[in-house]
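The structure appears right after this line, and notes come after that.
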Amino acid sequence: MKRIDKDGNYTTFPGVTVIAAIGNNATPFWQKVYDFLVHSKAISEHYKPLPCTSYHMTTCNLYTKEQYPDDWPSYVTKQLNFLQKLHAKLSETPLTPEISIDDISIPDVLQLYVSLPTEQEELIRAIAREFGLEDNVPKGFHITLAYEYNPIIEQEDYDAIKRECEKLLKFCKEEGRLTLDCPQLSYFTSMENFIPWDGKTNPFIAQGANDSCFFSLRRLGCPELVNTISSYFSSKFF
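When we follow UniProt numbering, the leftmost residue of the sequence shown carries the number 1, and every step to the right adds one.
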(Lines of atoms letter the chains of each structure in order from A and count residues from 1; the text may use other names and numbers.)
(Lines give C-alpha, C1' and ligand atoms only; values in the text may rest on other atoms or scores of the structure.)
Protein backbone atom coordinates (compact mmCIF):
# COMPACT_ATOMS: atom_id res chain seq x y z
CA MET A 1 0.00 0.00 0.00
CA LYS A 2 1.20 3.49 -0.85
CA ARG A 3 0.51 6.59 1.17
CA ILE A 4 0.48 8.86 -1.88
CA ASP A 5 -0.10 8.32 -5.61
CA LYS A 6 1.92 9.55 -8.57
CA ASP A 7 -0.34 12.59 -8.96
CA GLY A 8 0.26 13.79 -5.42
CA ASN A 9 -3.03 12.60 -3.92
CA TYR A 10 -2.93 11.03 -0.49
CA THR A 11 -4.43 7.55 -0.64
CA THR A 12 -6.37 5.41 1.81
CA PHE A 13 -3.88 4.04 4.31
CA PRO A 14 -5.60 2.95 7.56
CA GLY A 15 -3.83 2.46 10.84
CA VAL A 16 -3.58 2.89 14.59
CA THR A 17 -0.78 4.74 16.37
CA VAL A 18 0.24 6.84 19.36
CA ILE A 19 1.12 10.44 18.53
CA ALA A 20 1.91 13.76 20.14
CA ALA A 21 0.13 16.23 17.85
CA ILE A 22 1.05 19.88 17.48
CA GLY A 23 -2.53 20.71 18.56
CA ASN A 24 -3.00 24.42 19.14
CA ASN A 25 0.62 24.93 20.14
CA ALA A 26 2.64 27.48 18.16
CA THR A 27 0.01 27.54 15.41
CA PRO A 28 1.49 30.59 13.59
CA PHE A 29 4.89 28.88 13.43
CA TRP A 30 3.55 25.64 11.97
CA GLN A 31 1.39 27.56 9.51
CA LYS A 32 4.52 29.35 8.27
CA VAL A 33 6.24 25.99 7.83
CA TYR A 34 3.32 24.77 5.73
CA ASP A 35 3.20 27.98 3.69
CA PHE A 36 6.93 27.73 2.99
CA LEU A 37 6.49 24.22 1.58
CA VAL A 38 3.46 25.10 -0.52
CA HIS A 39 5.08 28.16 -2.04
CA SER A 40 8.45 26.55 -2.71
CA LYS A 41 8.42 25.61 -6.40
CA ALA A 42 11.39 23.28 -6.00
CA ILE A 43 9.72 21.35 -3.18
CA SER A 44 6.12 21.33 -4.39
CA GLU A 45 7.11 19.90 -7.79
CA HIS A 46 8.21 16.72 -6.02
CA TYR A 47 6.46 16.69 -2.63
CA LYS A 48 2.86 17.08 -1.50
CA PRO A 49 2.79 19.01 1.79
CA LEU A 50 0.54 17.54 4.47
CA PRO A 51 -1.98 19.89 6.09
CA CYS A 52 -0.34 21.41 9.14
CA THR A 53 -3.26 20.15 11.25
CA SER A 54 -1.86 16.65 10.69
CA TYR A 55 1.63 17.44 12.01
CA HIS A 56 2.65 15.19 14.89
CA MET A 57 5.49 13.27 16.48
CA THR A 58 4.87 9.52 16.63
CA THR A 59 5.78 8.10 20.04
CA CYS A 60 4.78 4.48 19.37
CA ASN A 61 3.96 2.76 16.08
CA LEU A 62 1.12 0.26 16.41
CA TYR A 63 -0.67 -1.32 13.42
CA THR A 64 -1.51 -0.53 9.80
CA LYS A 65 -3.67 -2.30 7.25
CA GLU A 66 -0.53 -2.79 5.18
CA GLN A 67 0.65 -5.25 7.87
CA TYR A 68 -2.70 -7.08 8.10
CA PRO A 69 -4.33 -6.68 4.65
CA ASP A 70 -6.54 -9.79 4.79
CA ASP A 71 -8.15 -9.34 8.20
CA TRP A 72 -7.64 -5.69 9.11
CA PRO A 73 -11.01 -4.87 10.73
CA SER A 74 -11.15 -8.13 12.69
CA TYR A 75 -7.53 -7.72 13.80
CA VAL A 76 -8.29 -4.29 15.24
CA THR A 77 -11.38 -5.68 17.00
CA LYS A 78 -9.22 -8.33 18.68
CA GLN A 79 -6.89 -5.61 19.98
CA LEU A 80 -9.58 -3.32 21.44
CA ASN A 81 -9.21 -4.43 25.05
CA PHE A 82 -5.43 -3.95 24.86
CA LEU A 83 -5.85 -0.56 23.17
CA GLN A 84 -8.31 0.64 25.82
CA LYS A 85 -5.74 -0.13 28.52
CA LEU A 86 -3.07 1.71 26.55
CA HIS A 87 -5.39 4.70 26.14
CA ALA A 88 -6.09 4.73 29.89
CA LYS A 89 -2.37 4.66 30.70
CA LEU A 90 -1.63 7.50 28.29
CA SER A 91 -4.52 9.56 29.69
CA GLU A 92 -3.26 9.30 33.26
CA THR A 93 0.37 10.05 32.41
CA PRO A 94 1.37 13.73 32.57
CA LEU A 95 3.65 14.17 29.57
CA THR A 96 3.83 17.28 27.43
CA PRO A 97 6.73 16.82 25.00
CA GLU A 98 9.06 19.78 24.62
CA ILE A 99 10.95 19.34 21.38
CA SER A 100 13.88 20.97 19.66
CA ILE A 101 14.18 20.72 15.88
CA ASP A 102 17.64 19.40 15.01
CA ASP A 103 17.67 18.33 11.38
CA ILE A 104 15.67 17.87 8.19
CA SER A 105 15.52 14.75 6.01
CA ILE A 106 14.75 13.91 2.36
CA PRO A 107 14.22 12.39 -0.25
CA ASP A 108 11.36 9.88 0.12
CA VAL A 109 9.75 11.75 3.00
CA LEU A 110 10.37 15.33 4.06
CA GLN A 111 10.73 15.19 7.84
CA LEU A 112 11.98 17.27 10.72
CA TYR A 113 14.08 15.29 13.18
CA VAL A 114 13.53 16.39 16.75
CA SER A 115 14.89 15.72 20.23
CA LEU A 116 13.28 16.04 23.63
CA PRO A 117 14.53 16.02 27.24
CA THR A 118 15.98 12.70 28.37
CA GLU A 119 13.39 12.24 31.11
CA GLN A 120 10.54 12.68 28.61
CA GLU A 121 12.06 10.20 26.17
CA GLU A 122 12.53 7.73 29.02
CA LEU A 123 8.88 8.10 30.03
CA ILE A 124 7.76 7.40 26.45
CA ARG A 125 9.89 4.27 26.41
CA ALA A 126 8.72 3.18 29.88
CA ILE A 127 5.07 3.26 28.81
CA ALA A 128 5.89 1.33 25.64
CA ARG A 129 7.88 -1.21 27.68
CA GLU A 130 4.95 -1.74 30.05
CA PHE A 131 2.82 -2.82 27.09
CA GLY A 132 5.49 -4.84 25.31
CA LEU A 133 5.90 -2.17 22.65
CA GLU A 134 9.40 -0.85 23.27
CA ASP A 135 10.57 -1.93 19.80
CA ASN A 136 7.72 0.15 18.33
CA VAL A 137 9.15 3.44 19.60
CA PRO A 138 10.77 5.26 16.64
CA LYS A 139 14.56 5.14 16.56
CA GLY A 140 14.54 8.84 15.75
CA PHE A 141 11.64 11.09 16.71
CA HIS A 142 10.41 13.13 13.78
CA ILE A 143 7.58 15.22 12.36
CA THR A 144 6.59 14.42 8.78
CA LEU A 145 5.80 17.46 6.64
CA ALA A 146 5.40 16.01 3.13
CA TYR A 147 5.66 12.85 1.02
CA GLU A 148 7.43 12.56 -2.30
CA TYR A 149 5.14 11.82 -5.25
CA ASN A 150 7.41 12.78 -8.14
CA PRO A 151 10.81 11.08 -7.70
CA ILE A 152 13.84 13.35 -7.82
CA ILE A 153 16.01 12.25 -10.74
CA GLU A 154 18.11 15.24 -11.70
CA GLN A 155 20.95 16.32 -9.41
CA GLU A 156 20.03 19.94 -10.14
CA ASP A 157 16.54 19.39 -8.71
CA TYR A 158 17.94 17.62 -5.65
CA ASP A 159 20.35 20.48 -4.98
CA ALA A 160 17.55 23.05 -5.30
CA ILE A 161 15.37 21.13 -2.84
CA LYS A 162 18.28 20.73 -0.44
CA ARG A 163 18.86 24.50 -0.46
CA GLU A 164 15.20 25.11 0.29
CA CYS A 165 15.31 22.58 3.12
CA GLU A 166 18.34 24.32 4.60
CA LYS A 167 16.37 27.59 4.65
CA LEU A 168 13.46 25.85 6.34
CA LEU A 169 15.69 24.20 8.93
CA LYS A 170 17.31 27.54 9.78
CA PHE A 171 13.87 29.07 10.31
CA CYS A 172 12.78 26.14 12.50
CA LYS A 173 15.88 26.26 14.68
CA GLU A 174 15.35 29.96 15.29
CA GLU A 175 11.97 29.16 16.85
CA GLY A 176 13.65 27.31 19.71
CA ARG A 177 11.86 24.77 21.88
CA LEU A 178 8.29 23.83 20.95
CA THR A 179 5.55 22.14 22.96
CA LEU A 180 3.37 19.30 21.67
CA ASP A 181 0.14 17.81 23.00
CA CYS A 182 0.28 14.81 25.31
CA PRO A 183 0.68 11.52 23.41
CA GLN A 184 -2.71 10.04 22.51
CA LEU A 185 -3.96 6.81 21.01
CA SER A 186 -5.16 7.75 17.52
CA TYR A 187 -6.40 6.19 14.30
CA PHE A 188 -6.12 7.32 10.71
CA THR A 189 -7.42 6.45 7.26
CA SER A 190 -4.81 8.50 5.41
CA MET A 191 -1.77 10.58 6.30
CA GLU A 192 -3.87 13.75 6.23
CA ASN A 193 -5.81 13.29 9.46
CA PHE A 194 -5.10 11.61 12.80
CA ILE A 195 -8.07 11.24 15.12
CA PRO A 196 -7.80 10.82 18.92
CA TRP A 197 -9.47 7.59 20.00
CA ASP A 198 -10.31 5.69 23.20
CA GLY A 199 -10.14 2.22 21.66
CA LYS A 200 -13.69 1.32 22.69
CA THR A 201 -15.17 0.81 19.22
CA ASN A 202 -13.59 -0.23 15.95
CA PRO A 203 -13.50 2.83 13.64
CA PHE A 204 -12.79 0.63 10.62
CA ILE A 205 -16.14 -1.17 10.77
CA ALA A 206 -19.15 0.70 9.38
CA GLN A 207 -22.03 0.72 11.87
CA GLY A 208 -25.54 -0.16 10.68
CA ALA A 209 -27.64 2.83 9.66
CA ASN A 210 -30.24 2.19 12.34
CA ASP A 211 -27.66 1.80 15.09
CA SER A 212 -25.91 4.98 13.98
CA CYS A 213 -29.14 6.94 14.00
CA PHE A 214 -30.25 5.59 17.39
CA PHE A 215 -27.02 6.18 19.24
CA SER A 216 -26.40 9.55 17.61
CA LEU A 217 -29.45 10.82 19.50
CA ARG A 218 -27.57 10.48 22.76
CA ARG A 219 -24.49 12.13 21.29
CA LEU A 220 -26.63 14.99 20.05
CA GLY A 221 -27.99 15.61 23.52
CA CYS A 222 -31.34 13.79 23.31
CA PRO A 223 -31.07 11.31 26.21
CA GLU A 224 -34.77 11.66 27.08
CA LEU A 225 -35.80 10.50 23.62
CA VAL A 226 -33.33 7.62 23.77
CA ASN A 227 -34.69 6.56 27.16
CA THR A 228 -38.28 6.78 25.92
CA ILE A 229 -37.50 4.58 22.92
CA SER A 230 -35.62 2.10 25.11
CA SER A 231 -38.50 1.92 27.62
CA TYR A 232 -41.02 1.37 24.84
CA PHE A 233 -39.15 -1.56 23.36
CA SER A 234 -38.46 -3.03 26.79
CA SER A 235 -42.18 -3.03 27.67
CA LYS A 236 -43.13 -4.52 24.32
CA PHE A 237 -40.60 -7.30 24.00
CA PHE A 238 -39.21 -8.15 27.44
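In this text, a Cβ means the ideal position worked out from N, Cα and C, and glycines have one as well.
Kindly indicate which residue of Asp35, Gly23, Val16, Phe13 has the alpha-carbon position closest to the one of phenylalanine 171.
Position 171 of the sequence shown, counted from the start, is the residue given in the question as residue 171. Here the closest residue by C-alpha is Asp35.
Hey, would you say threonine 179 sits closer than 8 Å to asparagine 25, going by beta carbons?
Here the question's residue 179 lines up with position 179 in the sequence shown. Here the question's residue 25 lines up with position 25 in the sequence shown. Yes, they are a contact pair.
Identify the continuous alpha helix (DSSP H) that holds serine 91 and give its terminal residues.
Position 91 of the sequence shown, counted from the first residue, corresponds to residue 91. Here the alpha helix (DSSP H) through serine 91 covers 72 to 91.
For the alpha helix (DSSP H) containing lysine 41, list its first residue and its last residue.
Against the sequence shown, residue 41 aligns to sequence position 41. 41 to 44 is the span of the alpha helix (DSSP H), which, as asked, contains lysine 41.
Given a cut-off of 8 Å on the beta-carbon distance, is the pair threonine 53 and phenylalanine 13 in contact?
As a position in the sequence shown, residue 53 is number 53, starting the count at 1. As a position in the sequence shown, residue 13 is number 13, starting the count at 1. Taking the C-beta atoms as reference points, phenylalanine 13 is found no nearer than 8 Å to threonine 53.
Between the beta-carbon of aspartate 157 and the beta-carbon of histidine 46, is there less than 8 Å?
On the sequence shown, position 157 is the one that residue 157 refers to. On the sequence shown, position 46 is the one that residue 46 refers to. Taking C-beta atoms as the reference points, aspartate 157 and histidine 46 count as a pair closer than 8 Å.
What are the complete beta strand (DSSP E) segments, minimum 3 residues, inside the stretch 156 to 213?
Counting only runs of 3 or more, we get 184 to 190, 193 to 196.
Please tell me whether proline 203 and isoleucine 152 are closer than 8 Å, where the distance is taken between their beta carbons.
Here residue 203 refers to the residue found at position 203 when the sequence shown is read from its first residue. Here residue 152 refers to the residue found at position 152 when the sequence shown is read from its first residue. Taking C-beta atoms as the reference points, proline 203 and isoleucine 152 fail to come closer than 8 Å.
Go through the stretch 108 to 141 residue by residue and report every complete run of the beta strand (DSSP E) that reaches 3 residues or more, in order.
Within the stretch 108 to 141, the complete beta strand (DSSP E) runs of at least 3 residues are 109 to 115.
Which one of Lys48, Glu119, Ser100, Lys85 has the shortest CA to CA distance from valine 18?
Locating residue 18 in the sequence shown gives position 18, where the first residue counts as 1. Minimum Cα distance to valine 18 is reached at Lys85.
Same chain, Cβ closer than 6 Å to tryptophan 197, neighbours up to 5 away in sequence not counted:
Taking the first residue of the sequence shown as 1, we reach residue 197 at position 197. Same-chain partners within the cutoff: Leu185, Ser186, Tyr187.
Applying the criterion that 16 or more other CB atoms from any shown protein chain within 10 Å of the CB defines a buried residue, is alanine 88 buried or exposed?
The residue labelled residue 88 in the question sits at position 88 within the sequence shown. Alanine 88 is exposed by the Cβ-count criterion.
Using the Cβ count rule (16 or more neighbours within 10 Å means buried), how would you classify alanine 146?
The residue you call residue 146 lines up with position 146 of the sequence shown. By the 10 Å Cβ count, alanine 146 comes out buried.
8 Å CB neighbourhood of isoleucine 195 in its chain, flanking five on each side removed:
Translated into positions along the sequence shown, residue 195 becomes position 195. Spatial neighbours of isoleucine 195 in its own chain (CB-CB distance under 8 Å, excluding positions within 5 residues in sequence) are listed in chain order as Ser186, Tyr187, Phe188, Pro203.
Should alanine 20 and cysteine 165 be called a contact, given that it needs their Cβ atoms to be closer than 8 Å?
Within the sequence shown, the letter at position 20 stands for residue 20. Within the sequence shown, the letter at position 165 stands for residue 165. Against a cut-off of 8 Å, the Cβ pair of cysteine 165 and alanine 20 comes out as no contact.
Out of Pro28, Arg163, Met191, which one is the CA nearest neighbour of lysine 41?
The residue labelled residue 41 in the question sits at position 41 within the sequence shown. Nearest Cα to lysine 41 within the set Pro28, Arg163, Met191: Arg163.
Give the DSSP-derived three-state secondary structure of leucine 62 in the structure shown.
Taking the first residue of the sequence shown as position 1, residue 62 is located at position 62. Here leucine 62 sits in strand by DSSP.
Mind checking whether isoleucine 4 and lysine 32 have CB atoms under 8 Å apart?
Within the sequence shown, numbered from 1, the residue matching residue 4 stands at position 4. Within the sequence shown, numbered from 1, the residue matching residue 32 stands at position 32. No. Outside cutoff.
Under the DSSP definition of a beta bridge, which residues are partnered with valine 16?
Counted from its first residue, the sequence shown places residue 16 at position 16. Note: valine 16 sits in a beta bridge opposite Tyr63, Tyr187.
Kindly give me the distance between the Cβ atoms of glutamine 111 and threonine 144, rounded to whole angstroms, as I take these residues to be in contact under 8 Å.
Against the sequence shown, residue 111 aligns to sequence position 111. Against the sequence shown, residue 144 aligns to sequence position 144. Your pair glutamine 111 and threonine 144 checks out as a contact, with CB atoms roughly 5 Å apart and the cut at 8 Å.
Under three-state DSSP, which class holds threonine 144?
Numbered from its first residue, the sequence shown carries residue 144 at position 144. Correct three-state label for threonine 144: strand.
Is any heavy atom of the ligand COA found at a distance shorter than 7 Å from the C-beta of glutamine 155?
Ligands are entirely absent from the displayed structure, and the ligand COA is therefore not among its contents.
My output table needs one value for proline 49: the three-state DSSP class, helix, strand or coil.
The residue you call residue 49 lines up with position 49 of the sequence shown. DSSP places proline 49 in strand when its eight states are reduced to three.
Cβ shell of valine 76 (< 6 Å), same chain only, five flanking positions each side left out:
The residue given as residue 76 occupies position 76 in the sequence shown. The answer, listed in chain order, is Asn202, Phe204.
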